[in-house]
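A.B. asks:
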DNA sequence: TATGAATGAGCATTCATTCAT
DNA sequence: AATGAATGAATGCTCATTCAT
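Protein chains in written order, with full-length UniProt numbering: chain A, 1 to 217; chain B, 1 to 217; chain C, 1 to 217; chain D, 1 to 217.
1) Take every Cβ of the stretch 191-208 of chain C, pair it with every Cβ of the stretch 165-179 of chain D, and state whether three or more of those distances are shorter than 8 Å.
2) Distance, Cα to Cα, residue 80 of chain C vs residue 41 of chain D?
3) Under the assumption that residue 47 of chain C contacts residue 72 of chain C (Cβ atoms under 8 Å), give the Cβ distance between them as a whole number of angstroms.
4) Closest Cβ-Cβ distance between residue 182 of chain C and chain D: below 8 Å?
5) Going by DSSP in three states, residue 165 of chain A sits in which element: helix, strand or coil?
6) Can you say whether residue 24 of chain B is buried or exposed, counting buried as having 16 or more other CB atoms within 10 angstroms of its CB?
7) Would a check of beta-carbon distances place residue 46 of chain B closer than 8 Å to chain A?
8) Determine which residues share a DSSP beta bridge with residue 219 of chain D and list them.
9) Measuring alpha carbon to alpha carbon, tell me which residue in C/120, C/148, C/141, C/139 is nearest residue 9 of chain C.
10) Could you name the residues of the UniProt domain "HTH tetR-type" (20-80) of chain D whose beta carbon sits closer than 7 Å to any beta carbon of chain C, in the order they occur along the chain?
11) Which same chain residues end up closer than 6 Å to residue 152 of chain B when comparing Cβ atoms and leaving out the 5 residues on each side of it in sequence?
12) Give the residues of chain C in contact with residue 179 of chain D, contact being defined as C-beta atoms less than 8 Å apart.
13) Determine whether the Cβ of residue 147 of chain A lies closer than 8 Å to any Cβ atom of chain B.
14) Looking at chain D, is there any beta carbon in it that lies within less than 8 Å of the beta carbon of residue 175 of chain C?
15) Could one say the Cβ of residue 213 of chain B lies closer than 8 Å to chain A's Cβ atoms, at least one of them?
16) For residue 139 of chain B, which residues from the same chain have a beta carbon less than 8 Å from its beta carbon, with the 5 sequence-adjacent residues on both sides left out?
17) Within the same chain, show all residues whose beta-carbon is closer than 6 Å to that of residue 70 of chain A, passing over the 5 residues directly before and after it, in chain order.
18) For residue 205 of chain B, go through chain A and note every residue whose CB falls closer than 7 Å to its CB, in chain order.
19) Restricting to runs no shorter than 4 residues, where is the alpha helix (DSSP H) found entirely within the stretch 134-165 of chain C?
20) Considering only C-alpha positions, which residue in the set B/109, B/35, B/65, B/125 is nearest to residue 201 of chain B?
21) For residue 129 of chain A, collect the residues of the same chain with a Cβ closer than 7 Å to its Cβ; drop the 5 residues on either side in sequence, then sort them by chain order.
22) Please report the distance separating the alpha-carbon of residue 32 of chain B from that of residue 90 of chain B.
23) Hey, out of C/5, C/88, C/102, C/22, whose CA is closest to residue 59 of chain C's CA?
24) Rounded to the nearest angstrom, what separates residue 122 of chain B and residue 35 of chain C at their Cα positions?
25) Find the residues of chain B that neighbour residue 209 of chain A, judging by a C-beta separation of less than 7 Å, and give them in chain order.
26) Between residue 106 of chain B and the rest of its own chain, which residues show a CB-CB distance below 6 Å, the 5 nearest in sequence each way excluded?
27) Would residue 98 of chain A and residue 92 of chain A be called neighbours here (beta carbons separated by less than 8 Å)?
28) What did DSSP end up calling residue 41 of chain A once you bin it into helix, strand or coil?
29) With distances taken Cα to Cα, identify the nearest neighbour of residue 156 of chain A among A/94, A/184, A/116, A/87.
30) What is the rounded straight-line gap between the Cα of residue 43 of chain D and the Cα of residue 37 of chain A?
31) Does the Cβ-Cβ distance between residue 212 of chain C and residue 212 of chain D come in under 8 Å?
32) Quick check: the Cα distance between residue 158 of chain B and residue 104 of chain B, rounded to an integer number of angstroms?
33) When you compare the CB positions of residue 179 of chain A and residue 184 of chain B, do they come within less than 8 Å of one another, or not?
34) Measure from the C-beta of residue 202 of chain C to each C-beta in chain D and report whether the shortest distance is under 8 Å.
35) Helix or strand or just coil, what does DSSP make of residue 215 of chain B?
36) CB-CB under 8 Å to residue 210 of chain B, same chain, minus the five flanking residues each way: which ones, in chain order?
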């Protein structure tokens with residue numbers, strides 16, 4: 001089985017992670033069941049059975065059940081806001097790699113759409129457990145304020161000076177953009193899971209409306 | 001203790017619900033702990049202790065732990081979309097009680113803002129457990145398609161003919177409106193719980209952006 | 001409903017027992033469920049539901065669950081060996097009401113056959129709980145030695161002197177007779193419950209074999 | 001502790017059963033308490049305590065309490081009628097290993113007497129629970145009709161042709177023989193548990209009477 | 001490294017019994 | 001006399017975790 005995707009997803013920064021075969025199976029099994037029934041409602045014996053390992057093996061790799069959860073969720077945390085973490089992300093914007101805020105948002109949305117689509121189960125776990133574990137909550141806070149907020153603000157202000165978008169407080173623009181993007185993804189993947197949409201058409205419409213909303217008058 | 005609000009919230013349609021004192025205490029306790037730690041991670045003994053009753057008493061009133069959850073969540077289900085359930089809701093719109101879509105959205109948002117603020121713990125439970133209990137999921141589906149969708153559509157189309165909002169498919173307008181409203185409420189109550197916002201200013205900005213987005217050009 | 005049979009069965013000696021309607025219903029329900037699932041596996045709430053009374057009502061009439069069992073089983077105890085308890089039972093034998101031991105055994109068997117048939121559920125309870133409650137065990141001991149053994153012995157010896165039955169120790173004859181009678185009844189009512197026998201033909205054959213066995217040579 | 005007898009008793013057919021030390025202790029404890037207080041009145045915690053293991057350990061070996069019961073009772077089921085299950089049982093009879101029906105019955109009784117004496121507690125459990133668990137009941141039915149009835153019938157008919165026993169329907173002879181044997185054993189081990197009998201003398205008398213009863217005239 | 005038997009605290013639920021009405 | 005809400009101990013069973021092999 002090719003576990004490259006898992007290794008890649010769980011890698012933080014650039015330290016290579018080597019997952020033994022058993023470890024990979026445990027993680028896969030845990031992701032599957034956690035996302036389906038929730039962390040608290042999942043038993044380690046269930047995970048062990050699905051992973052095809054002994055119960056004890058789980059605890060050799062992860063000291064507690066919660067450690068197993070965090071091993072899944074923590075790396076994902078950074079991956080969710082990944083684009084913002086690349087060094088030259090802002091530079092790209094200023095160097096006109098994105099000719100407009102619209103293009104930027106479109107690229108962002110498309111990128112996150114693919115990411116969510118690929119890692120839906122983990123994203124679900126993440127959203128669920130976020131509410132109950134303060135470790136996760138505060139990590140988000142940190143990542144967001146340290147790595148995302150400032151950059152996002154610079155980008156927004158760039159396009160405001162630019163005259164493309166209206167001169168409202170950047171916080172509001174950011175929130176509008178984010179709720180729009182996240183709202184679209186939630187609607188698409190959590191609620192209308194089986195609706196037959198033309199995803200890209202809806203995405204375009206959504207961004208069009210957002211841009212209209214943000215446009216300078 | 002005054003439990004009128006609880007009785008009122010849990011009332012479906014117009015059947016009066018009479019909560020005995022113990023029952024009210026059980027519900028209150030359950031709501032508190034469920035919303036804080038999640039349904040699956042909450043033990044009935046914990047609820048009993050917080051409610052100040054014997055554990056057996058819980059099971060006299062609610063046959064299973066899950067029944068207790070549903071007794072909390074099911075009535076809330078309808079209350080969440082309550083405005084749409086009132087008989088003359090659409091009529092009001094057409095009779096110019098709301099002069100514009102903007103006014104309508106504003107009223108809706110304000111109203112739901114107050115509702116969520118008041119019943120935050122139950123809403124949290126509701127959102128969490130939604131993902132794991134198919135009974136809840138399918139009930140939502142039913143309520144939404146039967147009571148909300150059609151009415152919402154008529155309203156949107158009304159204001160499209162009216163020339164106020166753009167001539168995009170009504171489904172897209174509805175989704176945009178809903179993700180905006182829900183997005184705002186989620187951001188406000190779930191994520192930035194302790195930010196010191198000026199709620200109404202943010203609400204106004206949000207709606208302004210939404211309306212710009214939806215405006216006919 | 002006519003509860004005369006119950007009142008009659010539960011009457012000890014000659015004290016009249018007046019069962020209130022509720023009491024009769026409780027007893028009836030208890031007999032039904034005890035005999036079907038056993039005393040220990042039956043809950044008082046189950047009895048209450050079947051009897052159509054409140055749980056509390058049971059405990060108004062019978063202080064504990066065990067009291068309820070004993071109220072059913074104790075009177076039955078004497079009724080099981082009832083023929084031996086009538087004053088003139090032995091006299092009847094000697095006065096040639098029964099011309100032979102065979103006739104006597106036949107009458108006894110027929111009589112107990114009808115009794116067991118009529119009161120099968122109680123008999124079942126009786127046999128089951130006998131094993132677990134020392135009160136019942138010792139009561140049997142008492143009744144048997146005080147009321148049955150001596151009389152039975154006199155009867156056997158009568159027909160031994162008479163020359164009808166062999167001159168083995170009367171204890172052995174009694175045991176043989178009893179295991180034969182009881183064995184027949186057990187086989188008929190407990191084991192081959194649904195076999196389609198000709199009961200009286202089998203009874204005759206059984207007694208014939210017994211008498212052959214006991215016959216003086 | 002030597003658990004060979006338990007392993008042997010619980011072995012079905014010829015598959016070896018290996019009982020771990022804990023398992024043996026659990027079974028021993030369960031047999032003891034079940035037979036004393038009955039299955040339904042015995043709690044798993046009680047068994048665990050007596051067995052000197054943790055309560056969870058019981059459920060690692062036996063999925064449910066009922067499984068534990070069946071693990072005790074089911075193998076015993078076949079052992080009870082064991083003589084009939086040996087391949088050459090009937091052959092032995094025809095080849096004059098038993099010169100007469102009397103000798104045959106005597107051997108059978110003696111053999112079962114020793115068996116019951118040795119395994120009294122299990123036999124008690126067996127008789128008690130028989131009444132409440134349909135699995136046990138139907139298994140008996142199967143074993144009896146498949147393995148015992150036909151053989152027993154052939155033996156009886158052999159000795160009828162032989163002229164030793166009377167020409168009554170074989171079913172009746174079988175029932176008489178069985179109620180006599182079982183009646184004796186019940187009387188001996190269940191009822192007169194503490195009587196000081198000379199067991200073999202009583203057994204001889206019993207068989208003598210039975211044979212007289214069955215004798216061809 | 002991996003196993004799986006063993007643990008005992010904890011779980012949801014049921015129980016016989018009490019008591020205010 | 002009858003009710004049924006309330007109790008809290010007890011039940012069968014599951015849990016995350018440990019540890020000898």
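Beta carbons: idealized from backbone N, C-alpha and C, even for Gly.
C.D. replies: Taking the coordinates as given:
1) Short answer: they touch.
2) Start at 1 with the first residue of the third chain, and residue 80 of chain C comes out as number 80. Start at 1 with the first residue of the fourth chain, and residue 41 of chain D comes out as number 41. Roughly 26 Å between the two C-alpha positions.
3) For the purposes of this step, residue 47 of chain C is taken as the residue at position 47 of the third chain. For the purposes of this step, residue 72 of chain C is taken as the residue at position 72 of the third chain. About 11 Å separates the CB atoms of residue 47 of chain C and residue 72 of chain C; that is not less than 8 Å, and the two are not in contact.
4) Start at 1 with the first residue of the third chain, and residue 182 of chain C comes out as number 182. Using a CB distance cut-off of 8 Å, residue 182 of chain C counts as an interface residue toward chain D.
5) In the first chain, the residue the question calls residue 165 of chain A occupies position 165. DSSP places residue 165 of chain A within a strand segment (E or B) once states are collapsed to three.
6) Reading the second chain from its first residue, position 24 is the one you call residue 24 of chain B. The residue is buried, with at least 16 neighbouring Cβ atoms inside 10 Å.
7) As a first step, residue 46 of chain B is located in the second chain; it is residue number 46 there, counting from the start. Answer no: the Cβ-Cβ gap between residue 46 of chain B and chain A never drops below 8 Å.
8) Summary: the structure shown does not reach residue 219 of chain D, with chain D confined to residues 1 through 217, and so no result is reported for it.
9) Your numbering for residue 9 of chain C matches position 9 in the third chain. The shortest C-alpha separation from residue 9 of chain C is found at C/120.
10) Cβ contacts with chain C come from 37, 38, 40, 41.
11) Position 152 of the second chain, counting from 1, holds the residue named residue 152 of chain B. Counting only Cβ-Cβ distances below 6 Å, and skipping sequence neighbours, we find 174.
12) What you label residue 179 of chain D is simply residue 179 of the fourth chain in a count that begins at 1. At a C-beta separation below 8 Å, residue 179 of chain D has these neighbours in chain C: 179, 180, 183, 184, 186, 187.
13) Within the first chain, numbered from 1, the residue matching residue 147 of chain A stands at position 147. No - not a single Cβ of chain B is within 8 Å of the one on residue 147 of chain A.
14) As a first step, residue 175 of chain C must be located in the third chain, where it is residue number 175. For residue 175 of chain C, at least one C-beta of chain D is nearer than 8 Å to its own C-beta.
15) In the second chain, residue 213 of chain B corresponds to position 213, counting from 1. For residue 213 of chain B, a Cβ of chain A is located within less than 8 Å of the residue's own Cβ.
16) Locating residue 139 of chain B in the second chain gives position 139, where the first residue counts as 1. Result list for residue 139 of chain B: 74, 77, in chain order.
17) Along the first chain, read from residue 1 onward, the residue named residue 70 of chain A stands at position 70. Taken in chain order, the list of residues that qualify is empty.
18) For the purposes of this step, residue 205 of chain B is taken as residue 205 along the second chain, with counting starting at 1. Per Cβ cutoff of 7 Å: 168, 172.
19) Complete alpha helix (DSSP H) runs here, min 4: 134-143, 150-161.
20) Within the second chain, numbered from 1, the residue matching residue 201 of chain B stands at position 201. Among B/109, B/35, B/65, B/125, the Cα nearest to that of residue 201 of chain B belongs to B/109.
21) Translated into positions along the first chain, residue 129 of chain A becomes position 129. Here the set comprises 39, 69, 73, 136.
22) One-based indexing of the second chain puts residue 32 of chain B at position 32. One-based indexing of the second chain puts residue 90 of chain B at position 90. Just so you know, the alpha carbons of residue 32 of chain B and residue 90 of chain B end up roughly 35 Å apart.
23) Here the question's residue 59 of chain C lines up with position 59 in the third chain. Taking residue 59 of chain C as reference, the option from C/5, C/88, C/102, C/22 with the minimal CA-CA separation is C/22.
24) Sequence index remark: in the second chain, residue 122 of chain B carries index 122 (1-based). Sequence index remark: in the third chain, residue 35 of chain C carries index 35 (1-based). Residue 122 of chain B and residue 35 of chain C have their C-alpha atoms some 48 Å from each other.
25) Taking the first residue of the first chain as 1, we reach residue 209 of chain A at position 209. Under the 7 Å cutoff, chain B gives 176, 213, 214.
26) Here residue 106 of chain B corresponds to residue number 106 of the second chain, with the count starting at 1. Within its own chain, the residues whose Cβ lies closer than 6 Å to the Cβ of residue 106 of chain B, once the five positions on either side in sequence are excluded, are 207, listed in chain order.
27) To locate residue 98 of chain A, count along the first chain from 1; it is residue 98. To locate residue 92 of chain A, count along the first chain from 1; it is residue 92. Closer than 8 Å, so yes.
28) The residue you call residue 41 of chain A lines up with position 41 of the first chain. Coil at residue 41 of chain A, not helix or strand.
29) If you number the first chain from 1, residue 156 of chain A lands on position 156. Per the Cα distances, A/94.
30) Numbered from its first residue, the fourth chain carries residue 43 of chain D at position 43. Numbered from its first residue, the first chain carries residue 37 of chain A at position 37. Going by the C-alpha atoms only, they are around 32 Å apart.
31) By one-based count along the third chain, residue 212 of chain C stands at place 212. By one-based count along the fourth chain, residue 212 of chain D stands at place 212. Taking C-beta atoms as the reference points, residue 212 of chain C and residue 212 of chain D count as a pair closer than 8 Å.
32) Counted from its first residue, the second chain places residue 158 of chain B at position 158. Counted from its first residue, the second chain places residue 104 of chain B at position 104. Cα to Cα, residue 158 of chain B sits roughly 12 Å from residue 104 of chain B.
33) The residue you call residue 179 of chain A lines up with position 179 of the first chain. The residue you call residue 184 of chain B lines up with position 184 of the second chain. Result yes, Cβ atoms of residue 179 of chain A and residue 184 of chain B sit closer than 8 Å.
34) Locating residue 202 of chain C in the third chain gives position 202, where the first residue counts as 1. At least one beta carbon of chain D lies nearer than 8 Å to the beta carbon of residue 202 of chain C.
35) Mapped onto the second chain, residue 215 of chain B falls at position 215. DSSP places residue 215 of chain B within a strand segment (E or B) once states are collapsed to three.
36) Taking the second chain and counting its residues from 1, the one referred to as residue 210 of chain B is at position 210. Cβ neighbours of residue 210 of chain B beyond the five flanking positions: 105, 176, 177, 180.
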